[in-house]
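K.L.:
For reference, each letter of the sequence shown is one residue, going 1 to 547 in the numbering used here. Beta carbons: idealized from backbone N, C-alpha and C, even for Gly.
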Amino acid sequence: MSTAGSGERRLRRSAPRLHSAAQMASRAAAYGGQRLTVRFGGPVRTRVIVTLACILALASADAATVGASATALRSSLHIDNTDVGLLVAVNSMVGAVAALPFGFLADRVSRTWTLSVSIVLWGLAMVMSATAGSFGTLLLWRLGLGVVTAASGPPIASLVGDYFPSSERGVIYSYILSGELLGAGVGFTITGDISAISWQAAFVILGLAAFPLAWVASRLPEPARGGANPIVADRPPVSGAPTDPEPASDEEEWTGYQWTAPPPPPPGRFQPKGAYEEAEREFAAARQVAPDDAPEITDAQRLAAASGIEPDYRLVDQAHRGNMGFVASVRYVLSLRTNVALIVSSACGYYFLAGVQTFGVEFVKGRYHVGTALANLLMIAIGAGAVLGVVTAGPLSDAWLHRGRMQARILVPALGATGTVILFVPALLTHSVATALPYVIVAAFALSTQNPPIDAARLDIMPSHLWGRAEGVRTFLRTMAQALAPLLFGALSDVIGLRNTFLVMLLPLAASAYFLFQATRTYPRDVATAAASSVPAGGRGWPRIFP
């Protein structure tokens, strides 16, 4: 009796402290949400960015959960590393094939509804995966997951191009692609720790999270195609200014408490003084006959015009022929040499990343002799470095582009890929976790700097009416290579060990850097071709500005 009374008194005394802590947590969450809304440019943009990031996070969490559940899966289903790799590989390979038709649909049907339906189907397939009692049944459900996962890539790429102005697409991609890494962190830690108790419970948790996300995605507005009417960032009222100012145009940028038009880039080797302004006048004259929803001309395309770079008029004429069929659009997408180089480079980078997601925890545990909990914490630290790289690369490439460096969105990832290879070597050779951790964190930073600029660059070199199909083709080719990574990592590690496997798999990263540096040569002309394809002048409305 006295014990119960003592417990009640302690509970009453602690109740005010608990209430105060809850209030502080609520205020902190509200403040964080407000700051996030300001950084993203308003509540509408915040809802779009967070939703798209969460969609990518789901797919990434799925792959990471399989890797973190490897021990439990091997024990429960009596399989080896090759089988674990196969579970991830079949998902990716089926998704690669399905990406082509979904890319075609992304250019023709509502993209927000495509996303919401695919997320619902993904959640159902994930929940059903938890009911699998054998490896064959689980493999079958993974095949279904691959189909619906493919539906997200093309619509997201097309929506980013239409939702946001070209001048900030690198920054926006930094925010959205951080969802991939945060999702992987959730897979490695939260659901990974749950899988130590029950891998079925981890799968059910991920599946249930899909249904509210599908509802949010269905509520997103469907933007006008071609980037003609992007969502401009909100601006707070300036002291002494009207309380309801006119919305900022696409040619303005946020500088803190004022809106100012960005200065033209300084004259460079191929850019005479006044060429940028003359290119602007040429574009304005050529687009007077354009409808209000005409595609937007990007900053890189203006720089190409100011530098006197001639487009490939053969491809311009193809782009102006109207609705391309499936084969013709695929042929066009693969005719752009820069796009092919970016696809190959992206495939090499994702190839290595897929192996890390699937076998990273196993490698850390075996190489550095740490437990599962500590291995997951180390993966969180590495993931933090990767997130920092993602959120840094987009703004850096955009700022460099605004200063007149046309190839900025190619050079930043090229330098990042080079640094990744150099930094991973000492981390893989040492046995000390304390020695390896700084190298691996910085290498993860360098590796993740590639994706936001590359994704923004692809929108610069592709006519807007082909964004969905271009992403479908890229997803197909990239994912086919990525799908082989877990399988080859698993099979090779069973023969030569995980350490040697990771060393061998650095070769694709070196190839990624090579193809990116090659892309810097072809990027300017492909940018000019995309701009000329967007000007409604029969393929000859491109400003002819020569030094």
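Leaving aside the five residues before and after W122 along the sequence, list all residues of the same chain whose C-beta is less than 6 Å from its C-beta, in chain order.
P.N.:
The answer, listed in chain order, is V148, A210.
K.L.:
Output the distance between the C-alpha atoms of A341 and I496, rounded to the nearest integer angstrom.
P.N.:
Using only the alpha carbons, I get a separation of about 31 Å.
K.L.:
Tell me whether the beta-carbon of G576 lies closer than 8 Å to the beta-carbon of A184.
P.N.:
A query on residue 576 cannot be resolved here, the shown segment of the chain reaching from 1 to 547 and no further.
K.L.:
According to DSSP, is G385 part of a helix, a strand, or is it coil?
P.N.:
Helix at G385.
K.L.:
Just to confirm, is the Cβ distance from T298 to S174 under 8 Å?
P.N.:
Cβ distance not < 8 Å, so T298 and S174 don't count as in contact.
K.L.:
From L86 to L484, what distance separates their C-alpha atoms?
P.N.:
Near 9 Å, if we compare the C-alpha coordinates of L484 and L86.
K.L.:
For a minimum of 4 consecutive residues, which ranges assigned as the alpha helix (DSSP H) are wholly contained in the region 412-461?
P.N.:
The qualifying runs are 433-448, 451-461.
K.L.:
Quick check: the Cα distance between H465 and V327, rounded to an integer number of angstroms?
P.N.:
Roughly 15 Å separates the two Cα atoms.
K.L.:
If I'm right that T479 touches F489 with Cβ under 8 Å, what's the distance once you round it to whole angstroms?
P.N.:
About 16 Å; that fails the 8 Å criterion.
K.L.:
If you draw a straight line from the alpha carbon of A106 to that of P154, how long is it in whole angstroms?
P.N.:
Their Cα atoms are separated by approximately 6 Å.
K.L.:
Can you tell which of L437, L492, A511 has its C-alpha closest to the C-alpha of L377?
P.N.:
Considering only alpha carbons, the answer is L437.
K.L.:
Measure from the alpha carbon of T51 to the alpha carbon of each residue in R403, D494, A214, T529, then state which is nearest.
P.N.:
Closest by alpha carbon: A214.
K.L.:
State yes or no: is the C-beta of G179 within less than 8 Å of the C-beta of M126?
P.N.:
Cβ atoms of G179 and M126: not closer than 8 Å.
K.L.:
For a quick check, are the C-beta atoms of R169 and L459 less than 8 Å apart?
P.N.:
Going by C-beta atoms, R169 is nearer than 8 Å to L459.
K.L.:
Could you have a look at F270 and say whether DSSP puts it in helix, strand or coil?
P.N.:
Because the pLDDT of F270 is 43, which lies under 50, any placement of that residue in the model is unreliable, and the number read from its coordinates should be weighed accordingly. Residue state, collapsed to three classes: coil.
K.L.:
Enumerate in chain order the residues of its own chain whose CB-to-CB distance from A384 is below 8 Å, with the five nearest sequence positions on each side excluded.
P.N.:
Excluding residues within five positions, the ones whose Cβ falls inside 8 Å are I441.
K.L.:
Using C-beta distances below 8 Å, list every residue in its chain close to Q34, excluding the 5 sequence neighbours before and after it, in chain order.
P.N.:
No residues qualify anywhere along the chain.
K.L.:
So, under 8 Å CB-CB, V370 and A393 are touching, yes? Tell me the CB distance rounded to an integer number of Å.
P.N.:
So it is not a contact: roughly 30 Å between Cβ atoms.
K.L.:
Please determine, among V97, A511, P212, T475, the residue with the shortest C-alpha to C-alpha distance to V421.
P.N.:
Checking every option, the nearest Cα to that of V421 belongs to A511.
K.L.:
Evaluate S432 with the Cβ neighbour count: other Cβ atoms within 10 Å of its Cβ, from every protein chain shown; 16 or more gives buried, anything less gives exposed.
P.N.:
S432 is exposed by the Cβ-count criterion.
K.L.:
Roughly how many angstroms separate the alpha carbons of F203 and L73, rounded to a whole number?
P.N.:
So the two alpha carbons sit approximately 12 Å from each other.
K.L.:
Residue ranges of each alpha helix (DSSP H) run of no fewer than 4 residues wholly in the region 47-90, ordered along the chain?
P.N.:
Taking only runs of at least 4 residues, the alpha helix (DSSP H) segments lying wholly in the region 47-90 are 70-77.
K.L.:
Please classify A399: does DSSP put it in a helix, a strand, or coil?
P.N.:
DSSP places A399 in helix when its eight states are reduced to three.
K.L.:
DSSP state of L140, grouped into three classes?
P.N.:
DSSP places L140 in helix when its eight states are reduced to three.
K.L.:
Considering only their Cβ atoms, is the gap separating Y439 from L415 smaller than 8 Å?
P.N.:
For L415 and Y439, no; Cβs fall outside 8 Å.
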